[in-house]
Structure formats: structure tokens, C-alpha cells
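Mapping the sequence shown onto the UniProt record's numbering, position 58 (from 1) lands on 58, and the numbers just tick up by one. Right, one structure below, let's go through it.
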Amino acid sequence: TESKQLLKMMDGDTDYYDEYYVEDYYEGEYDDYYFYYPSWGTFDHWEIYDDKVLLFADALRAGEHTFSYLVRAMTFGSFTMPSTKAEEMYTPEVFGYNRQRKISVK
């Protein structure tokens, strides 16, 4: 199962955002990540945990940024993936979420 996330960076006052942080949770029915590192060209650092992926960027241009990864399904069924959250690291009041995703493992 692939999780592909799209971030849209929009601000009328600036072309860059500083010190950005993205948190993507996934249901416990998955294990082990396989990452497409080249698609993360705008992110400087990432951390992999049992229940989430954290991405960090020193600066992001306004516009769209996509990252993707594969997870191994551990359980069959239909699941709701939690929303991905993106926020500025030192001004967390600047943040956004994407929609929850529904997935089916057959």
C-alpha cells in the first residue's frame, strides 16, 4: 500500500516558509516503510517511527510538495488513515491538515 501526500504551501506575503515540520500518522495495521527518497527533494530530514513519519525542511517554496512511501499491510480490511499535519516548527500556529483517507486492504 502506498501513501502519497501532497502539501500545498500558500501565503500571499512570502515565497518561502522557514523550518517546516510534517507529521503523517498511519493505522497500526501497517509495518515497515519503503521510501522513495528522491520524491522528497524539498525535505532535509525525516524520522521513521512505528506509527508515523516526520519530515523536516529548512525552507519550502510556496507551491506543492509531494512525498510518498510504501507500507506493508498487516491486517485485511477497510481503514481510515489519519490526516497529515504540516506546521512551521517555531510558529506552530501556522499549520494545516489534509483530508483523512480511506483505504482497503484485500
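Backbone N, C-alpha and C fix where the C-beta goes; we use that ideal spot for every residue, glycine too. Bear in mind that the values here come from a model prediction, so they are computed numbers and not experimental data.
Inclusion of phenylalanine 56 and histidine 45 in the CB contact set at 7 Å is warranted, their separation being smaller than that value. In the DSSP assignment, tyrosine 97 is bridged to Lys85. Collapsing the DSSP output to three states places phenylalanine 43 in coil.
DSSP, reduced to helix, strand and coil, places aspartate 58 within a strand of the structure shown. Within the DSSP secondary-structure output, lysine 102 pairs in a beta bridge with Thr80.
The C-beta distance from leucine 54 to threonine 42 rounds to 15 Å, too long to fall under 8 Å, and the pair is not in contact.
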